[in-house]
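Reading through the structure tokens given below for one structure.
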Amino acid sequence: MRSERLYFGNGFLAFIFFFFYSCLQKDNPDIVLEDFEDGSYLNKWEIQGTAFNAPINIDSIPEKIFNVHGKYFAYSAFIDSGSFRGVGKLISNRFTINRKFLSFLIAGHQHETRSSVNLIIDNTIVRTATGKDDLLLREVVWDIDKYQGKEAYLEIVDALAPDSENGFDNRVLVDHLVLSDKKVDRITVFEDFESGTFNNWQVIGEAFSEPNSRTKVYYPLSANGYKGNYYAFSFGEKQDARQGKLVSSPFKIEYDKIQFLIGGGSHEGETCVNLLIDGRVARSATGDDDGNLRLKEWDVSNFKGEMATIEIVDHHSGSWGHIMVDEIVFFNKPWWQEVAILAGVIFVIILISSVLIFFQIRNRPKKEISDTDRIKLEELKDQIIVDQAFLNHKYNSKMCSESVGIDADRIEQLFLAGEGKSFLEFINELRVEEFKKELNDPKNKAYTMIYIANQCGFSSKTSFYRIFKEVTKITPTDYKKQL
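Each step along the sequence shown adds one to the number in full-length UniProt numbering, with nothing skipped, and position 414 is 414.
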């Protein structure tokens with residue numbers, strides 16, 4: 001019985017140890033599939049069509065490209081003649097998926113089939129991403145864990161005709177493709193307005209014309225706290241009079257939280273940022289009736305997997321009838337928060353289980369014991385009392401076994417079956433009774449309780465007080481007062 005309990009306990013502790021050990025294990029190092037920093041596609045990419053010639057150096061073009069990693073990136077625009085080169089694609093060498101995530105930066109025209117990055121496995125496109133009609137390279141992270149061990153390749157596609165659509169020239173920009181085991185806890189910028197346009201938004205009404213900057217502020221209002229150069233602002237030449245809103249393109253919620261900077265009016269439903277799911281407002285925030293952009297945060301973990309849009313609303317023409325917004329980002333909770341929460345849950349489970357096991361053992365009925373074993377148990381108890389071996393604080397079932405010739409495990413079984421308690425519990429009860437007897441003896445009046453307890457087999461003050469209270473339900477001090 002005792003060995004079974006020890007086996008269970010050791011096994012459970014081993015499980016907890018290996019669980020936390022696995023949580024704290026370092027991930028495998030990242031694999032950079034491509035960062036284009038050698039300025040060439042040679043031996044790494046197959047070039048099809050005329051859209052791609054060589055990686056572009058950010059310093060060699062007049063256009064302002066945002067968030068390039070390093071100096072070079074893949075770019076389907078052909079700049080030297082002032083026109084676009086045409087259509088085409090880059091096809092990577094084959095590689096084996098041996099990490100959980102694939103991340104990269106992408107910008108350019110928004111078209112999921114003709115201006116995109118595709119991951120292809122078994123001749124099937126399993127993941128795709130596109131730009132947002134601007135030149136801001138945004139990070140995309142794909143969870144590819146279920147494809148581990150599969151052979152794959154990437155396509156960078158520009159298959160749109162070289163004429164302009166929706167006011168933005170057709171092109172695709174890609175940089176820094178990385179395989180990683182790190183959990184997706186990085187921040188993804190959804191919108192920071194640094195393109196200087198609202199190309200990613202549907203503009204409704206007259207309140208919003210173009211992103212504002214420090215040089216375009218209409219006095220007497222001044223904005224504070226925005227990031228970069230541009231931000232969305234509905235305060236214009238006619239100040240608070242005009243109304244309207246910005247509506248984002250639909251997106252799938254894949255992160256735990258949405259964070260943004262907001263200032264302006266505090267009119268709920270009228271000067272606000274809203275998260276819409278199925279056309280309903282799921283989250284909303286307003287300014288604080290001043291020109292300071294403050295950080296606000298939504299927990300959207302319950303909406304993961306759902307399609308949503310964000311709208312920036314100005315439907316108020318009175319005092320503080322405008323809205324300011326900047327730096328809308330998506331991010332996940334840090335990994336350690338999840339581990340901490342899980343550890344807390346495990347601790348509660350262990351605590352509850354321990355309490356239940358304690359009361360189950362304490363209240364369990366005595367097992368049936370044979371007449372032969374009952375006689376043997378009584379003889380064993382009598383011998384322990386006569387020998388007073390329990391006065392030795394090191395006394396245990398093994399020492400008892402050596403003196404009576406019965407196996408230690410057998411002694412434990414006899415006490416559990418016949419007394420409903422362990423051998424040590426029986427010994428501690430004898431020590432308590434011996435202490436009570438000695439404390440009542442007038443010849444011991446000059447001694448302290450701790451001295452008497454030591455003479456009765458208790459090894460320390462702490463264990464003495466704990467055991468005495470477990471057996472008698474009162475403290476030694478309270479017992480002495482009753483004498």
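Just so it is clear, CB atoms sit at the ideal spot from N, CA and C, and this is done for glycine as well.
Measuring alpha carbon to alpha carbon, tell me which of 257, 34, 352, 467 ends up nearest residue 275.
The shortest Cα separation from residue 275 among 257, 34, 352, 467 belongs to 257.
How is the alpha helix (DSSP H) around residue 466 delimited, first residue to last?
Start and end: 461 to 472.
Mind checking which residues open and close the beta strand (DSSP E) that includes residue 68?
Careful: residue 68 lies outside any beta strand (DSSP E) and carries neither H nor E.
Coil, strand or helix - residue 125 by DSSP
The three-state secondary structure of residue 125, taken from DSSP, is strand.
Taking the beta carbon of residue 242 as the centre, do at least 16 other beta carbons fall within 10 Å, making it buried, or is it exposed?
By the 10 Å Cβ count, residue 242 comes out buried.
If I measure Cβ to Cβ from residue 150 and keep anything under 6 Å in the same chain, skipping five residues before and after, which residues do I get?
These residues qualify, in order along the chain: 97, 121.
Which of helix, strand or coil DSSP assigns to residue 155:
In the structure shown, residue 155 sits in a strand (DSSP, three-state: E or B).
Buried or exposed by the 16-neighbour rule on C-beta atoms within 10 Å, applied to residue 29
Exposed is the call here.
For residue 327, collect the residues of the same chain with a Cβ closer than 7 Å to its Cβ; drop the 5 residues on either side in sequence, then sort them by chain order.
Correct list, in chain order: 192, 227, 260, 261.
Counterpart residues of residue 272 in DSSP-defined beta bridges:
In the DSSP output, where bridge partners are listed per residue, residue 272 has 286, 313.
Residue 42 versus residue 289: straight-line alpha-carbon distance, rounded
Cα to Cα, residue 42 sits roughly 57 Å from residue 289.
Let me check understanding here. Comparing Cα to Cα, which of 73, 51, 50 lies closest to residue 60?
Measuring from the Cα of residue 60, the nearest candidate turns out to be 73.
Using DSSP bridges, identify the partner residues of residue 34.
177.
Can you tell me where the beta strand (DSSP E) holding residue 138 begins and where it ends?
134 to 143 is the extent of the beta strand (DSSP E) around residue 138.
Residue 418: first and last residue of the uninterrupted alpha helix (DSSP H) it sits in
According to the DSSP assignment, residue 418 belongs to the alpha helix (DSSP H) that extends over 408 to 419.
Mapping the DSSP letters down to three states, classify residue 75 as helix, strand or coil.
Secondary structure of residue 75 (DSSP, three-state): strand.
Compare the Cα-Cα distances from residue 474 to each of 436, 443, 447 and report the closest residue.
If we check each option's Cα against that of residue 474, 436 comes out closest.
Is the Cβ-Cβ distance between residue 270 and residue 203 less than 8 Å?
Judged by their CB atoms, residue 270 and residue 203 are not nearer to each other than the 8 Å cut-off.
Below 7 Å, is the gap between the Cβ of residue 193 and the nearest heavy atom of the ligand GDP?
What this structure holds is no ligand at all, so the ligand GDP is not there to describe.
Three-state class that DSSP yields for residue 387 in the structure shown:
Here residue 387 sits in helix by DSSP.
Does the stretch 44 to 63 touch the stretch 88 to 97, meaning 3 or more C-beta pairs lie closer than 8 Å?
Result yes; three or more Cβ-Cβ pairs closer than 8 Å.
Could you please give the first and the last residue of the uninterrupted beta strand (DSSP E) stretch that includes residue 482?
Run containing residue 482: none in the beta strand (DSSP E); it sits in the alpha helix (DSSP H), 476 to 482.
Reduced DSSP secondary structure (H/G/I, E/B, other) of residue 374
Three-state result, residue 374: helix.
First through last residue of the alpha helix (DSSP H) which encompasses residue 434
That run of the alpha helix (DSSP H) goes 423 to 440.
Express the C-alpha separation of residue 157 and residue 131 in angstroms, rounding to a whole number.
Within the model, the alpha-carbon separation for residue 131 versus residue 157 is close to 11 Å.
Can you list, in chain order, the residues of its chain with a C-beta nearer than 8 Å to that of residue 480? Leave out the 5 residues immediately preceding and following it.
Counting only Cβ-Cβ distances below 8 Å, and skipping sequence neighbours, we find 439, 449.
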